[in-house]
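**Q** FYI, the numbering for the sequence shown is 1376 to 1950, going by our numbering.
A virtual CB, placed ideally from N, CA and C, is assigned to each residue, including glycine.
I have a structure here, written as structure tokens, and I will follow up with some questions on it.
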Amino acid sequence: MDAFRQFFTALPDDTGMAYVLIQHLDPTHESLTAELLSRHTSMSVLPATDALPVQPNHVYVIPPNCYLVIRNEKLYLTEPIQRRGVRVPIDYFLRSLADDQQDRAIGIILSGTGSDGTIGVREIKAVGGMVMVQAPQSAQFDGMPRSAIAAGAVDFVLPIEQIPETLVRYVNHWYINGASATDPGPESESRPVANTEADDLTRIVGILRARQKCDFSGYKKGTLIRRIERRMGLLHIHTMGEYIQVLRDDRDEVNSLHKDLLIGVTNFFREPDAWAALRKQVIEPLVSRYATSDSGSGIRVWSPGCATGEEPYSIAMLINETMRDADAACDINIFASDIDVDALAVARVGLYPETIIADVTADRLRRYFVRGEHTFRIKKEIREQVVFAEQNLISDPPFSKLDLICCRNLLIYLEPEIQNRIIALFHFALRPGGHLLLGNSETISQQRKLFQPISRKWRIYRRIESLRTERHNVPTQMTDVLPKRLTQMSETSDLHNRHLTSVAQQQMIRRFVPACVMVNAKGEILYLNGPVDEYLRLPAGGPSLELFATARPGLQTKLRAAFNKVIRDGKPLCI
């Protein structure tokens, strides 16, 4: 309550914003929050009621013993969800706020215990909104602020007395206030009209490629522009030219923009009905087939764009509970990849805030997680079924001989040409009859000859065999599919071809080259192809895979000796 008082005492009364206060309340006692806060602001402070329209310059307070959501700019009361003694009203509201307001959503985490709010602010950040957190050292209870900061979803960490000023400055920027250049409105900033916007975008993409070794030229132009403008709003920069100069001078801002472009929405079992359909139509037949097979191989799944790991771990849990229900057993190999090394580090550890109870059933929490202090950690036996790897889906070779690819809500950020190329790559990577799961807003687009829909509603597809696969929309270089304007990056033209990969070459290698491993001079695995399981045992965890640590018993000594000799002599060696 003290944090709320400090915030509203320092906040102007005419910002044009609406404020919704969510706090942990005793469900059996009447709340006095609205009455007490009305002494510190001239805005109307009201207890939230069902179907209440949200008005500017009003403050709405959650009542006891309920959850609150916002839909179409109206507040609705719902029954509280409680699992294992934990309530998450802050996450519940912030997630609805992200969905309803998109990039106009703002989440502010003040003093509080636990981790409530962490998942919610991640979703706000993912849709382009803004997140502020009270500096932990100034908070009476620092659990919630620290949890949000650790999630990497925070734009500002400030003492509470500085939050109102920074907030008002942000909402007065043209990015958030929506003013037009011809009618900016009173005391607001208009969005500058730049004839050179496309050239500016090209320069920014070039800087990102040069500094971060990551090519965003295949991203949709609108996505790039909105994320760039969001950064400009946070820094209170008015023109693209100014922002380009900041990027050239400040490596930290290049990193911040890079992280903003990589952020996506991810949760355990997102859209449960889609997972139920996947289990019935794909997972159950796979378990049945491999449990009775004597081939020695197991289920192979790829989760590209896995972010912090919720999706691949959801797949692992789904397969394990399917095996348990069928009293069957088979090997599970899940490959999870992403371009974001920080997200992969989180995924490998498998430690998540306790607020995942909103997405994970009590039975799954009990079977597959270990409870910590305000956290849940994926059990070791599940983590060992998932191998995480850094990978650029656009330019790096795919995994191969897969039964299932789960790629949800990643293609929507990419240009249609790149989407088509990736769909073709997925076709190459899947075994005959393999399946592909996409997000609800994604389709197979121009590649209908490669996949047959199994569930149109939940975007589940089966691979179609085709003799023309190798010739179907397969570019020989990435420059064949990138927009021409975005491939002419004068600042970094020498880097442009460094990561280009021939899809046709990948296909021939996978079909005709035996099991092979590419390593560097330190013995670190860079690339795998073919059935290497006979020689290597790939563990989960760690930022890299070391060849000798993964070699099966009996091979380590001979392999190390051969490796050292090849390094020393520079000649091929057969053992």
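Where do the ends of the alpha helix (DSSP H) carrying Leu1411 lie?
**A** The residue given as residue 1411 occupies position 36 in the sequence shown. It spans 1408-1412 - the alpha helix (DSSP H) in which Leu1411 sits, taken as one unbroken run.
**Q** DSSP on Asp1466, reduced to helix/strand/coil?
**A** Stepping through the sequence shown from its first residue, residue 1466 is reached at position 91. DSSP places Asp1466 in helix when its eight states are reduced to three.
**Q** Does Ile1658 come out as helix, strand or coil in the three-state DSSP assignment?
**A** Position 283 of the sequence shown, counting from 1, holds the residue named residue 1658. If DSSP states are grouped into helix, strand and coil, Ile1658 belongs with the helices.
**Q** Given Cys1589, which residues of its chain have a CB within under 8 Å of its CB, disregarding the five upstream and five downstream residues?
**A** Taking the sequence shown and counting its residues from 1, the one referred to as residue 1589 is at position 214. Leu1583, His1633, Ile1714, Asn1767.
**Q** Which residues bound the beta strand (DSSP E) around Ile1709?
**A** For the purposes of this step, residue 1709 is taken as the residue at position 334 of the sequence shown. Note, Ile1709: beta strand (DSSP E), 1707-1713.
**Q** Quick check on the DSSP output: what are the complete beta strand (DSSP E) runs of length 3 or more inside the stretch 1633-1702, in order along the chain?
**A** Complete beta strand (DSSP E) runs here, min 3: 1674-1679.
**Q** Would you decide whether Thr1408 is buried or exposed? Buried here means 16 or more other CB atoms lie within 10 Å of its CB.
**A** Position 33 of the sequence shown, counting from 1, holds the residue named residue 1408. Counting Cβ neighbours within 10 Å, Thr1408 comes out buried, since at least 16 surround it.
**Q** Going along the chain, which residues of its own chain have a beta-carbon closer than 7 Å to the beta-carbon of Arg1837, five neighbours each way excluded?
**A** Mapped onto the sequence shown, residue 1837 falls at position 462. Gly1808, His1810, Phe1826, Gln1827, Ile1829.
**Q** Name the one or two DSSP bridge partners that Ser1419 has.
**A** Counting from 1 along the sequence shown, the entry for residue 1419 is found at position 44. For Ser1419, which the question treats as bridged, DSSP gives the partners His1433.
**Q** Give the C-beta separation of Arg1468 and Thr1488 to the nearest angstrom, bearing in mind that I take them to be a contact with Cβ-Cβ under 8 Å.
**A** Position 93 of the sequence shown, counting from 1, holds the residue named residue 1468. Position 113 of the sequence shown, counting from 1, holds the residue named residue 1488. The sequence shown places Phe at residue 1468, rather than the Arg named in the question. Contact doesn't hold; Cβ gap of about 18 Å is too wide.
**Q** I'd like to confirm the pairing. Which residues does DSSP put opposite Lys1449 in its beta bridges?
**A** Looking up residue 1449 in the sequence shown gives position 74. DSSP lists Pro1428, Arg1446 as partners of Lys1449.
**Q** Below 6 Å CB to CB, which residues in the same chain sit around Ala1915 once its five sequence neighbours on both sides are set aside?
**A** Looking up residue 1915 in the sequence shown gives position 540. Any answer about Ala1915 is weak, because its pLDDT of 45 lies below 50 and its placement is not dependable; what the coordinates show is given next. If we look at Ala1915 and ignore the five residues flanking it on each side, its Cβ neighbours are Arg1758, Glu1759, Val1761, Val1762.
**Q** Would Arg1521 pass as a contact of Arg1586 if the rule is Cβ separation under 8 Å?
**A** The residue you call residue 1521 lines up with position 146 of the sequence shown. The residue you call residue 1586 lines up with position 211 of the sequence shown. Inclusion of Arg1521 and Arg1586 in the CB contact set at 8 Å is not warranted, their separation being larger than that value.
**Q** Return the chain-ordered ranges of every alpha helix (DSSP H) run that is complete within the stretch 1572-1604 and spans a minimum of 4 residues.
**A** 1572-1587
**Q** Rounded to a whole number of angstroms, what is the C-alpha to C-alpha distance between Asp1558 and Asn1552?
**A** In the sequence shown, residue 1558 corresponds to position 183, counting from 1. In the sequence shown, residue 1552 corresponds to position 177, counting from 1. Caution is warranted here: a pLDDT of 40 is assigned to Asp1558, below 50, making its placement in the model unreliable, and the coordinate value is therefore given only provisionally. Taking the straight line from one Cα to the other gives about 12 Å.
**Q** Along the chain, where does the beta strand (DSSP E) containing Phe1763 start, and where does it finish?
**A** For the purposes of this step, residue 1763 is taken as the residue at position 388 of the sequence shown. Boundaries of the beta strand (DSSP E) around Phe1763: 1761-1765.
**Q** Which same chain residues, not among the five before or five after Tyr1550, have their C-beta less than 7 Å away from its C-beta?
**A** What you label residue 1550 is simply residue 175 of the sequence shown in a count that begins at 1. Closer than 7 Å at the Cβ level, and outside the excluded window around Tyr1550, lie Glu1604, Arg1605, Met1607, Gly1608.
**Q** Check for me: the alpha helix (DSSP H) holding Gln1620 runs from which residue to which?
**A** Position 245 of the sequence shown, counted from the start, is the residue given in the question as residue 1620. Counting along the chain, the unbroken alpha helix (DSSP H) around Gln1620 starts and ends at 1615-1624.
**Q** Is there contact here, the stretch 1717-1733 with the stretch 1780-1789, by at least three beta-carbon pairs under 8 Å?
**A** no
**Q** Mind listing, in chain order, the continuous beta strand (DSSP E) runs of no fewer than 3 residues lying wholly within the stretch 1801-1828?
**A** If we require 3 residues or more, the beta strand (DSSP E) runs fully inside the stretch 1801-1828 come out as 1805-1813.
**Q** Going by the DSSP bridge assignment, what does Glu1921 pair with across the sheet?
**A** Residue 1921 sits at position 546 when you count from the first residue of the sequence shown. According to DSSP, Glu1921 bridges with Glu1899.
**Q** Rounded to the nearest angstrom, what separates Ile1746 and Ala1720 at their Cα positions?
**A** Locating residue 1746 in the sequence shown gives position 371, where the first residue counts as 1. Locating residue 1720 in the sequence shown gives position 345, where the first residue counts as 1. Residue identity check: residue 1746 is Arg in the sequence provided, not Ile. Rounded to whole angstroms, Arg1746 to Ala1720 spans 20 Å at the Cα level.
**Q** Identify which residue in Leu1542, His1433, Ser1689 has its Cα closest to the Cα of Gly1504.
**A** Position 129 of the sequence shown, counted from the first residue, corresponds to residue 1504. Selected option, being the one with the closest Cα: Leu1542.
**Q** Out of Val1529, Leu1443, Thr1416, which one is the CA nearest neighbour of Pro1428?
**A** Taking the sequence shown and counting its residues from 1, one reaches residue 1428 at position 53. Of the candidates Val1529, Leu1443, Thr1416, the one whose C-alpha sits nearest the C-alpha of Pro1428 is Leu1443.
**Q** Rounded to whole angstroms, how far is the Cβ of Val1529 from the Cβ of Val1496, which I believe are closer than 8 Å?
**A** Locating residue 1529 in the sequence shown gives position 154, where the first residue counts as 1. Locating residue 1496 in the sequence shown gives position 121, where the first residue counts as 1. So it is a contact: roughly 7 Å between Cβ atoms.
**Q** Checking the sheet assignment: what are the DSSP bridge partners for Gln1509?
**A** Indexing the sequence shown from 1 puts residue 1509 at position 134. Gln1509 pairs with Leu1533.
**Q** Who are the near neighbours of Ala1704 in its chain, counting only those whose CB is closer than 7 Å to its CB and skipping five residues on each side?
**A** Residue numbering aside, residue 1704 sits at position 329 when the sequence shown is read from its first letter. Cβ neighbours of Ala1704 beyond the five flanking positions: Ala1666, Met1698.
**Q** Are there three or more Cβ pairs, one per stretch, closer than 8 Å when the stretch 1440-1454 is compared with the stretch 1390-1400?
**A** Taking 8 Å as the limit for Cβ pairs, the verdict is that the stretch 1390-1400 does touch the stretch 1440-1454.
**Q** Does His1611 pass the burial test, meaning 16 or more other C-beta atoms within 10 Å, or should it be called exposed?
**A** As a first step, residue 1611 must be located in the sequence shown, where it is residue number 236. Result: exposed.
**Q** Among Arg1739, Ala1764, Ile1900, which residue has its Cα nearest to the Cα of Asn1695?
**A** Position 320 of the sequence shown, counted from the first residue, corresponds to residue 1695. With distances taken between Cα atoms, Asn1695 lies closest to Arg1739.
**Q** Within 10 angstroms of its Cβ, does Arg1796 collect 16 or more other Cβ (buried), or is it exposed?
**A** In the sequence shown, the residue the question calls residue 1796 occupies position 421. With 16 or more other Cβ atoms within 10 Å, it is buried.
**Q** How about Ser1816 and Ile1839: do their beta carbons lie closer than 8 Å?
**A** Position 441 of the sequence shown, counted from the start, is the residue given in the question as residue 1816. Position 464 of the sequence shown, counted from the start, is the residue given in the question as residue 1839. No. Outside cutoff.
**Q** Find the nearest neighbour of Asp1706 within the set Ile1619, Leu1813, Leu1930, Ser1668, judged by alpha-carbon distance.
**A** In the sequence shown, the residue the question calls residue 1706 occupies position 331. Closest by alpha carbon: Ser1668.
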